[in-house]
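Report on one structure; see the data block that follows.
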DNA sequence: TTTTTGTATTATGTATTCAAAATAGGCAGA
DNA sequence: TCTGCCTATTTTGAATACATAATACAAAAA
């Protein structure tokens, strides 16, 4: 099973694997802001040579996850509140566009999938399973973006999202905020189901505004804890 | 004069120079869609080794300007009408946001600079100097984006813009469309000057819609000419 | 004790080498 | 002639080696 696919599948370029690996580590906070990416150490950890690693680092730099210091290597980009706010503003704009397009372009299958994820998310909320809730939540937003059918939009959103997810891992949703977020999702789903573009746009914008506040608060809190 | 600064200035990493060089070549149509990037040839042309070149190619791939074919190198991404339309839709969304933010955040100096560029553009229009007009036009849009003060927005727009500029180089504006574009710019400048965000948003959206039509028409024409 | 300077070490930047995959061309057989 | 296979060449992928810049540290001088 899968043998044929494996044979057919070309091995992915090493540098791509490395990009994914490092991106995950950064997003999950395994590599913390300001941490230096020591090439020798990472090479040993990943069991590769410097060439693909360095290619990967250049890619991560264009994605904004690491910062290149000439002749001094790369460090994980700091999570500044201003950058986060800017990123979320842009993502809001993209979500708004995606919502509009999704209302027009989403297939019934797309909507069914989003609905399924929504119920899955409700289950995690009921169980107070925060990590799984976040995962589902992310997936729902991503599916709405994807339902827009605009490949460039999808790609751009994905890239920006990586930076926000970094903050998510330190966020501790208050029960109150969590509950209202779920309610907002109910409305979003309803608007999408009835393909009510203006309403969906408004709901996504509001949802995002709350998210901004929540993420920034988490950042502040974290900064305070660090100090 | 400048000696101290020059001493202080660190040399830019080679791969960045290469990225800029290749990006320019692609945007200006020197490297045409589908063209293979032969590493050996490019190394000789640029007088560098393969390592920084390959790092640059990876970066261009994440920017979407080239496509990586595993074990078969990289080719310049094709200019597909659908991708172009998708890109412009996203840029429209970003321009809309930028317009809003610019109305709130732009300094009088920013506005003065945009106004100056506007008059410069009018001069080029009067002289029917298309290339210089395009340059000015691009610059005005970029300055509006920059006046938003949102660094992430600026960065994202820049990246998307590279792909659109490629099409621009093959576009031959009709006199009629040219004239109306200039009129639209007059209104945009007026709205920005009076910091009328809703009006600016609407004007930018309309301006972009016309641009989409123009760019797509140019693409079609070019595709037809190629066939 | 503090500062400075020279040296050793380490890390990064770039070039080169080695390996593997793809392409091109030729040859045999139908 | 055409087809299929095989080899030779080219090209990319990855690793290693070399060059250069940054850092750490120690010794000497103020």
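Protein chains in written order, with our numbering: chain H, 278 to 504; chain R, 278 to 504. Ideal placement from N, C-alpha and C gives every residue a C-beta, glycine not left out. From a predicted model like this one, the values you see are computed outputs, not experimental measurements.
query                                                                                                                       : result
Residue ranges of each beta strand (DSSP E) within the region 342 to 388 of chain R, 3 or longer                            : 343 to 346, 350 to 353
CB contact flag (residue 355 of chain R, residue 290 of chain R, <9 Å)                                                      : no
Backbone CA spacing between residue 419 of chain R and residue 395 of chain R [nearest angstrom]                            : 12 Å
Same chain only: Cβ atoms within 8 Å of residue 462 of chain H, ignoring 5 sequence neighbours per side                     : 395, 398, 414, 417, 484
Residues that residue 314 of chain R bridges to, as DSSP identifies them                                                    : R:351
Distance between residue 458 of chain H and residue 292 of chain R (C-alpha atoms, nearest Å)                               : 44 Å
Element boundaries [alpha helix (DSSP H), containing residue 308 of chain R]                                                : Per DSSP, residue 308 of chain R belongs to no alpha helix (DSSP H) and is neither H nor E.
Proximal residues to residue 281 of chain H (C-beta, below 6 Å), its chain only, five neighbours per side dropped           : Any reading at residue 281 of chain H must be qualified, since the residue scores a pLDDT of 31, below 50, and its modelled position is unreliable; the value itself is stated next. Excluding positions up to five away in sequence, the list is empty.
Rounded C-alpha distance that separates residue 288 of chain R from residue 351 of chain R                                  : 27 Å
Chain H contact residues for residue 335 of chain R, given Cβ-Cβ distances below 7 Å                                        : 292, 332, 335, 336
Contact with chain H by residue 367 of chain R, beta-carbon distance below 9 Å                                              : yes
Cβ-based burial, residue 369 of chain H [other Cβ within 10 Å; buried from 16]                                              : buried
At least three beta-carbon pairs within less than 8 Å, the region 486 to 500 of chain R to the region 440 to 451 of chain R : yes
Spatial distance of residue 373 of chain R from residue 333 of chain H (CA atoms)                                           : 33 Å
Residue 343 of chain R: contacting residues in chain H (beta-carbon distance under 9 Å)                                     : Residues of chain H passing the Cβ test: none, with the nearest at roughly 13 Å.
N- and C-terminal bounds of the alpha helix (DSSP H) containing residue 428 of chain H                                      : 428 to 445
Rounded separation between residue 361 of chain R and residue 342 of chain R - CA only                                      : 12 Å
Whole-angstrom distance between residue 387 of chain R and residue 376 of chain R, CA atom to CA atom                       : 13 Å
Rounded C-alpha distance that separates residue 279 of chain R from residue 347 of chain H                                  : With a pLDDT of 34 at residue 279 of chain R, under the threshold of 50, the modelled position of this residue cannot be trusted; read the value that follows with caution. Rounded to whole angstroms, residue 279 of chain R to residue 347 of chain H spans 21 Å at the Cα level.
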